[in-house]
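Participant: Here the sequence shown stands for residues 175 to 361, numbered as in our numbering.
Quick one: the structure is below, and I'll ask about it shortly.
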Amino acid sequence: GLGDVYKRQACNGSITGSNIPFRPALDIPCIFPYNRGNPNTETRIVMKENVLISITGRHLTDEDENTIETKQPGKYAYFRGKHIIRYEEYPELEDDVPPIAVPCMLKLDANNVVLTKKGDTPMKMHFSPGISHNTLYQTPIGALPLSIDTTHLEMIENDNEIRVELSYSLNMNGSPVSECTMSILVQ
Numbered sequence: 175g176l177g178d179v180y181k182r183q184a185c186n187g188s189i190t191g192s193n194i195p196f197r198p199a200l201d202i203p204c205i206f207p208y209n210r211g212n213p214n215t216e217t218r219i220v221m222k223e224n225v226l227i228s229i230t231g232r233h234l235t236d237e238d239e240n241t242i243e244t245k246q247p248g249k250y251a252y253f254r255g256k257h258i259i260r261y262e263e264y265p266e267l268e269d270d271v272p273p274i275a276v277p278c279m280l281k282l283d284a285n286n287v288v289l290t291k292k293g294d295t296p297m298k299m300h301f302s303p304g305i306s307h308n309t310l311y312q313t314p315i316g317a318l319p320l321s322i323d324t325t326h327l328e329m330i331e332n333d334n335e336i337r338v339e340l341s342y343s344l345n346m347n348g349s350p351v352s353e354c355t356m357s358i359l360v361q
C-alpha cells in the first residue's frame with residue numbers, strides 16, 4: 175500500500191517530487207535492495223538508524239605494535255549506494271580536562287572506506303585496494319603528509335550488521351612508516 179511506498183522512500187532518503195533531503199524518523203528499519211551486479215539475486219539489508227560502531231586499529235612499526243579501540247553509538251543511513259555512519263569519539267585527555275566530542279563519519283561501499291574526523295586535528299583517510307591515497311596527519315607540531323596504500327578490503331553485510339576488514343600501509347615520503355589493520359563492526 176501507500177504506507178509501504180512511503181517507508182521505502184523514507185529509508186532511501188528520498189520523497190518523490192521533492193529536492194529536499196529527507197531524514198527518516200529514529201529507529202525505522204531501513205530495508206533496501208542490494209545487488210552486486212547479479213540481476214538474478216537480491217539481498218536485503220535491514221539496519222536501524224541508531225547503531226553501535228566498533229573500530230579496532232592495529233599499527234605495527236619496527237619498534238612496537240599499537241592497538242586503538244573505540245566503541246561508540248552512531249547514526250546509520252544508506253545513500254547513493256553507500257553506507258554512511260556518523261558518530262562522535264571522545265579522545266582521552268588529562269584528568270582535569272572535560273571530554274570534547276570529535277565528530278566522525280564513515281562512508282562504506284564494496285571498494286572504498288572513507289573515515290573523516292573533524293575537530294582540532296581533522297583527518298580524512300581513504301582506503302581502496304590498489305590505489306594510493308594521500309592525506310595529512312595532524313600533529314601538535316604540524317601536518318605530516320602520508321600516503322595510504324590499501325592491500326585488502328573486505329566488507330561482509332548481514333541483516334543488522336556490517337563488518338569491514340582492512341589491511342594497509344602508511345608511507346611518508348615514499349618510505350614505510352607502519353603496517354596496519356582495521357576492523358569495523360556496525361550493528
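Every residue, glycine too, gets a C-beta built ideally from N, C-alpha and C.
Can you tell me whether Phe-301 is buried or exposed? The criterion is at least 16 other CB atoms within 10 Å of its CB, across all chains shown.
Facilitator: Looking at its Cβ environment, which holds 16 or more other Cβ atoms inside 10 Å, Phe-301 is buried.
Participant: Quick check on the DSSP output: the beta strand (DSSP E) that includes Val-276 runs from which residue to which?
Facilitator: 276-283 is the extent of the beta strand (DSSP E) around Val-276.
Participant: What is the C-beta distance between Glu-262 and Ala-275, in whole angstroms, given that I count them as a contact (C-beta under 8 Å)?
Facilitator: With a Cβ gap of about 4 Å, Glu-262 and Ala-275 count as contacting.
Participant: Considering Cα atoms alone, identify which of Leu-226, Lys-291, Val-225, Asn-224 is closest to Pro-277.
Facilitator: When each option's Cα is compared against that of Pro-277, the closest is Lys-291.
Participant: Determine the closest residue to Gly-316 out of Asp-294, Ile-242, Asp-269, Thr-235, with distance taken between C-alpha atoms.
Facilitator: The residue with the shortest Cα to Cα distance from Gly-316 is Asp-294.
Participant: What is the DSSP secondary structure of Pro-350, counted as helix, strand or coil?
Facilitator: In this structure, Pro-350 counts as strand in the three-state DSSP scheme.
Participant: In terms of residues, what are the limits of the beta strand (DSSP E) holding Thr-325?
Facilitator: Per DSSP, Thr-325 belongs to the beta strand (DSSP E) from 316-332.
Participant: Pick helix, strand or coil for Ile-305, following the three-state DSSP scheme.
Facilitator: DSSP places Ile-305 in coil when its eight states are reduced to three.
Participant: Which residue from Gly-248, Thr-230, Leu-282, Pro-296 puts its Cα closest to that of Gly-255?
Facilitator: Checked all of Gly-248, Thr-230, Leu-282, Pro-296; the closest Cα to Gly-255 is Leu-282.
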